[in-house]
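Chains A and B, in that order, give the protein sequences. Be aware that the first sequence starts at 1, since it is given in our numbering, and climbs by one per residue. Be aware that the second sequence starts at 227, since it is given in our numbering, and climbs by one per residue. A short write-up of the structure that comes next.
There are 2 protein chains.
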Amino acid sequence: MESNSKKILIADDEPDILEIVAYNLSREGYQVSTAKDGDDALAKAKSIKPDLIILDIMMPKKNGVQVCEILRSQPAFNQTLIIFLTALSDENSEVKGLETGADDYVSKPISPKVLLSKVNALFRRIIKEPDSTVISIANLEIDPVKFEVTIDGNPVMLAKKEFELLHMLAAKPGRVFLRNEILNQVWGNDVIVGDRTIDVHIRKIRQKLGVDCITTVKGVGYKFDL
Amino acid sequence: MESNSKKILIADDEPDILEIVAYNLSREGYQVSTAKDGDDALAKAKSIKPDLIILDIMMPKKNGVQVCEILRSQPAFNQTLIIFLTALSDENSEVKGLETGADDYVSKPISPKVLLSKVNALFRRIIKEPDSTVISIANLEIDPVKFEVTIDGNPVMLAKKEFELLHMLAAKPGRVFLRNEILNQVWGNDVIVGDRTIDVHIRKIRQKLGVDCITTVKGVGYKFDL
DNA sequence: AGGTTGCCTTAACAATTTCATAACCCGGCA
DNA sequence: TGCCGGGTTATGAAATTGTTAAGGCAACCT
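Shown next, in the form of structure tokens:
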């Protein structure tokens, strides 16, 4: 399949893991690159522009979470998929990882099968997301084509920015979006607006929906949760 | 499939051109893919089956003319539209291009506007299917063959533009049409008319129909809703 | 040809809606 | 208590859209 010409970047400081993961992924037809620490990962990410980045949480130079945050704050990597590799020991890392904008995580010791299936799953999920898909979560529906939000079938009128913001959050339920990411995607990275502006829009959405589906993650950002 | 979700494949070895063209086309609602050389273009063409292919004449691997010839020799790409991008220098290429089976050409440096208008023009020329389907929603009927609108059986006289506009909206109830899309489909993208023009026509339709079936989505466009 | 009619576009102004901010409130925490 | 991050609210400016009237133009009729 042509769809397998996706580029994947793997960052880990253990050569063994790098090798085994790279081998398995490339055998599936992916175009694999590797990085051996945080800085290396950032550099390679910029030059290669991968579709998916697999980041070890614990790495020299910069750890996975830091790398992720840096990437996510850049518009070019808004859409890039990110998977964390976590050692079993640091349990909190998993949560923290997803909160920082990762799309999934895999805990060590790594099972190639598990990793592969997660990778494939992520791509499958993304590929059918040409912005024309209706997002439907519980009793909430978001239709980007009709530009319409309904809750229990009853239409809710949202303004443009409100809609875009909600759509962005709901597109990846549970994932936290940094304030920067939100600004970049909804407002455009060249526009400069105050921080309170986001709050106000969040508020209006919460108010209009009547359902509390947007969770604040203090010091980080917002996420959609129902 | 949306009639406007036409798939376009762009092949050029200069990333800048690829990016700017892709951006402009996707903003018009097209589904855009890119290829960076001749072989890539052939592969992508086979897997994606685009409706239109934009080929740079000078590319690595295989040049545009070669790609075109190969494509044209296959039944599957008999109908596919092809546009060449030519550098000013090779004047002969233009002729050669058209002779090889291209439908049009655009010379570099590329003006997004020119390219867009040619793309739209090609699609309009092809799409000419007279849509003989009668649209019937609730007590409203739109007959493109008779060029007639009736409401509860009573005929309503609409002018040409009014009719086309209503027909476009009603063909996909609920879906929002951007002002740009409306301009392209009803007016033709090479025509330059003020923004208020659309409003005025919308108003006349609303007025003549007497029923409020067109909803304004501020900052976005209009949609048919009953 | 001269006159009539209806369509299309614009300009100008009114009405609406959206949006960004400032100012203030509140709770958690050191 | 004082600070920090976030929630609320009110408000005016800015962006969009609605409305109306008027003129150009082409088709049609006599």
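C-beta atoms are modelled at their ideal positions from N, C-alpha and C, and glycine is treated no differently.
> How about the stretch 384-393 of chain B and the stretch 135-150 of chain A: do they share at least three Cβ pairs that are nearer than 8 angstroms?
Replying inline: Output reads no: the stretch 135-150 of chain A does not touch the stretch 384-393 of chain B.
>> On the CB-based measure, 16 or more other CB atoms within 10 Å of its CB, does D195(A) come out buried or exposed?
In response: By the 10 Å Cβ count, D195(A) comes out exposed.
> Of the choices R429(B), Y448(B), D282(B), whose alpha-carbon is the least far from that of S516(B)?
Replying inline: As shown, chain B starts at 227 and ends at 452. That puts residue 516(B) outside it, with no answer to give.
> Where does G221(A) fall in DSSP's three states?
Replying inline: Taken through DSSP and simplified to helix, strand or coil, G221(A) comes out as strand.
> When we look at the beta-carbon of R185(B) and count the other beta-carbons within 10 Å, is it buried (16 or more) or exposed?
Replying inline: Nothing can be reported for residue 185(B), as the shown portion of chain B is limited to 227 through 452.
> For G101(A), does the count of other Cβ atoms within 10 angstroms reach 16, so buried, or fall short, so exposed?
Replying inline: So G101(A) ends up on the buried side.
>> Closer than 7 angstroms between beta carbons: that is the criterion. Which residues of the stretch 377-405 of chain B meet it against chain A?
In response: For the stretch 377-405 of chain B, which is checked against every Cβ of chain A, the residues closer than 7 angstroms are G400, R401, V402.
> Whose C-alpha, out of P338(B), I280(B), T312(B), K275(B), is nearest the C-alpha of N250(B)?
Replying inline: The shortest C-alpha separation from N250(B) is found at P338(B).
>> I need the straight-line Cα distance from I279(B) to V446(B), nearest angstrom please.
In response: Rounded to whole angstroms, I279(B) to V446(B) spans 29 angstroms at the Cα level.
> In whole angstroms, what is the alpha-carbon distance linking L435(B) and V119(A)?
Replying inline: Cα to Cα, the separation comes out at about 53 angstroms.
> What did DSSP end up calling S33(A) once you bin it into helix, strand or coil?
Replying inline: If DSSP states are grouped into helix, strand and coil, S33(A) belongs with the strands.
>> If you reduce the DSSP assignment to three classes, tell me which class L384(B) lands in.
In response: Shown here, L384(B) sits in coil according to DSSP, grouped into three states, outside any helix or strand.
> Using a Cβ-Cβ distance under 8 angstroms, would V149(A) count as near chain B?
Replying inline: Output row for V149(A): interface = no.
> By how many angstroms is the C-alpha of A347(B) removed from the C-alpha of A397(B)?
Replying inline: Roughly 21 angstroms separates the two Cα atoms.
> Name the DSSP beta bridge partners of I243(B), please?
Replying inline: In DSSP, I243(B) forms no bridge with anything.
> At a CB-CB cut-off below 8 angstroms, which residues of chain B make contact with F146(A)?
Replying inline: For the record, residue 146(A) in the displayed sequence is Lys; it is not Phe. In chain order: G400, R401, V402, K449.
> So, is the C-beta of N230(B) closer than 8 angstroms to a C-beta in chain A?
Replying inline: Low confidence applies to N230(B): its pLDDT is 47, below 50, so where it sits in the model is not reliable, and the reading given next is rough at best. In terms of beta-carbon proximity, N230(B) stays away from the interface with chain A, with every pair separated by 8 angstroms or more.
> Under 9 angstroms Cβ-Cβ, which residues of chain A neighbour E445(B)?
Replying inline: Residue 445(B) is actually Gly in this sequence, not Glu. For G445(B), the C-beta contacts it makes with chain A under 9 angstroms involve A159, K160, K161, in order along the chain.
> Just how far apart, CA to CA, sit W413(B) and I192(A)?
Replying inline: If I take the Cα positions, the gap works out to 36 angstroms.
> Is D540(B) helix, strand or coil by DSSP?
Replying inline: No information on residue 540(B) is available, as it lies outside the stretch 227 to 452 that chain B covers here.
> Is T359(B) helix, strand or coil by DSSP?
Replying inline: Correct three-state label for T359(B): coil.
> Taking the C-alpha atoms as reference points, what is the distance between I331(B) and I309(B)?
Replying inline: Per the sequence presented here, residue 331(B) reads as Tyr, with Ile not at that position. Take the alpha-carbon of Y331(B) and the one of I309(B): they are about 5 angstroms apart.
>> Do L9(A) and A35(A) have their beta-carbon atoms positioned less than 8 angstroms apart in this structure?
In response: Their beta carbons are under 8 angstroms apart, which means A35(A) touches L9(A) by this criterion.
> Roughly how many angstroms separate the alpha carbons of E91(A) and V114(A), rounded to a whole number?
Replying inline: Here the model assigns E91(A) a pLDDT of 48, short of 50, so the residue's position is not dependable and the matter cannot be decided.
> Using the rule of at least 16 other Cβ atoms within 10 Å of the residue's Cβ for burial, across every protein chain shown, is P155(A) buried or exposed?
Replying inline: So P155(A) counts as exposed.
>> Between L9(A) and chain B, is any beta-carbon pair separated by less than 8 angstroms?
In response: L9(A) does not count as touching chain B.
> Does the distance from the C-beta atom of C213(A) to that of L158(A) stay below 8 angstroms?
Replying inline: Result no, Cβ atoms of C213(A) and L158(A) do not sit closer than 8 angstroms.
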